[in-house]
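Colleague: Residue numbers (the working numbering): 77 to 316. Before anything else, here's the structure in question.
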C-alpha cells in the first residue's frame with residue numbers, strides 16, 4: 077500500500093516579489109521596489125492582505141506630510157532644526173512609497189489582486205500625493221512668504237499628471253512617448269521617478285529648505301511640460 081505524498085509548495089522569496097514589480101523608474105526599481113519586496117515577503121509570512129499595506133502606506137505618508145506642514149513655519153523661523161524634519165520626511169516618504177510598491181507585489185505573487193483593491197490603491201495614492209504637495213507648498217511659502225498663490229496652485233495641479241499618466245499606462249491602450257530603455261534615457265526620466273523625486277525633495281527639506289521654492293518651480297515646469305507633450309503625442313496618435 078502506497079502512502080500519499082504531500083507536495084510542499086516552495087515559499088516565495090524576496091527576488092520572487094521583486095520580479096513582479098511594475099517599475100516606476102531607475103531609482104524605484106533599484107531601491108524602492110527592493111525594499112517593497114522585503115515588506116511584501118514579511119506581509120506574506122504574517123498572512124496580511126495587500127490592502128493592509130496600502131492603508132499603512134496612506135497613514136504613514138499622511139502623517140509624514142502633516143508633520144512637515146505643521147512644522148514649516150517653525151523651521152523657517154529657526155525654532156526647529158531643518159535636518160530633523162527633513163530626515164523624518166526622507167524616512168517616512170520612502171517607507172510609505174516602498175509599502176505602496178509592496179502591496180502590488182504581494183497581490184500578484186499570492187493571487188490576491190482584485191478590482192476593489194486596485195481602486196483602493198489608486199485612491200490612497202491620490203490622498204498621499206495631495207498631502208505631499210501640501211507639504212512642499214507649505215514649506216515653500218514659509219521659507220519665501222512672497223511665493224505666488226497661483227504658482228502653488230499650478231504646482232499642485234500639474235503634480236497629478238504623473239499619477240494620471242501612470243494609471244493610463246497600465247491599461248490595454250497604454251503607450252509611451254519614449255520607449256528607449258537605455259541608461260541615458262532612464263537617467264533623464266528620473267525627473268518623473270516618484271521614488272527619486274521624494275528622495276530629492278526630502279534632501280532639500282533637510283539640507284536647504286529655502287530652496288523648496290525652486291523645487292516647486294522646477295517640478296511645475298517639468299510636469300506642465302510633460303502634460304503638454306502628452307496631449308500633443310496623444311492627439312497625433314489619434315489623428316493617424
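Ideal placement from N, C-alpha and C gives every residue a C-beta, glycine not left out.
#1: Taking 6 Å as the limit between beta carbons, can you name the residues of its chain near residue 209, skipping five residues before and five after?
#2: Would you call residue 212 buried or exposed, if buried means 16 or more other Cβ atoms sit within 10 Å of its Cβ?
#3: Would you check if there are 3 or more beta carbon pairs closer than 8 Å linking the stretch 301-311 to the stretch 128-140?
#4: My guess is that residue 177 and residue 106 are in contact by the Cβ rule of under 8 Å, so how many angstroms apart are they, rounded?
#5: Could you check where the alpha helix (DSSP H) with residue 147 kicks off and where it finishes?
#6: At which residues does the alpha helix (DSSP H) containing residue 188 begin and terminate?
#7: Do the CB positions of residue 215 and residue 285 come within less than 7 Å of each other?
#8: Using only CA atoms, which one of 147, 112, 237 lies nearest to residue 303?
#9: Terminal residues of the continuous alpha helix (DSSP H) containing residue 293?
#10: Below 6 Å CB to CB, which residues in the same chain sit around residue 126 once its five sequence neighbours on both sides are set aside?
#11: On the three-state DSSP scale, how would you describe residue 317?
#12: What span of residues does the alpha helix (DSSP H) with residue 118 cover, start to end?
#13: Apart from the five residues just before and just after residue 295, which ones in its own chain have a Cβ nearer than 6 Å to its Cβ?
Modeller: Looking at the coordinates:
#1: Sequence index remark: in the chain shown, residue 209 carries index 133 (1-based). The answer, listed in chain order, is 232, 235.
#2: By 1-based counting over the chain shown, the position of residue 212 is 136. Counting Cβ neighbours within 10 Å, residue 212 comes out buried, since at least 16 surround it.
#3: no
#4: As a working mapping, residue 177 is identified with position 101 in the chain shown. As a working mapping, residue 106 is identified with position 30 in the chain shown. At roughly 12 Å, the Cβ-Cβ gap does not stay under 8 Å, so residue 177 and residue 106 are not in contact.
#5: Here residue 147 is taken as the residue at index 71 of the chain shown, counted from 1. Its alpha helix (DSSP H) spans residues 126-153.
#6: The residue labelled residue 188 in the question sits at position 112 within the chain shown. Counting along the chain, residue 188 falls outside any alpha helix (DSSP H), and DSSP gives it neither H nor E.
#7: The sequence position of residue 215 within the chain shown is 139, counting from 1. The sequence position of residue 285 within the chain shown is 209, counting from 1. A contact, by the Cβ cut-off of 7 Å.
#8: Mapped onto the chain shown, residue 303 falls at position 227. For residue 303, the nearest C-alpha among the options comes from 237.
#9: Along the chain shown, one-based indexing puts residue 293 at 217. Unbroken alpha helix (DSSP H) run through residue 293: 288-315.
#10: Here residue 126 corresponds to residue number 50 of the chain shown, with the count starting at 1. Taken in chain order, the residues that qualify are 179, 182, 183, 188, 193.
#11: The structure shown does not extend to residue 317, since the chain is modelled only from 77 to 316, so the question has no answer here.
#12: Taking the chain shown and counting its residues from 1, one reaches residue 118 at position 42. Residues 109-122.
#13: Position 219 of the chain shown, counted from the first residue, corresponds to residue 295. Nothing listed; no residue qualifies.
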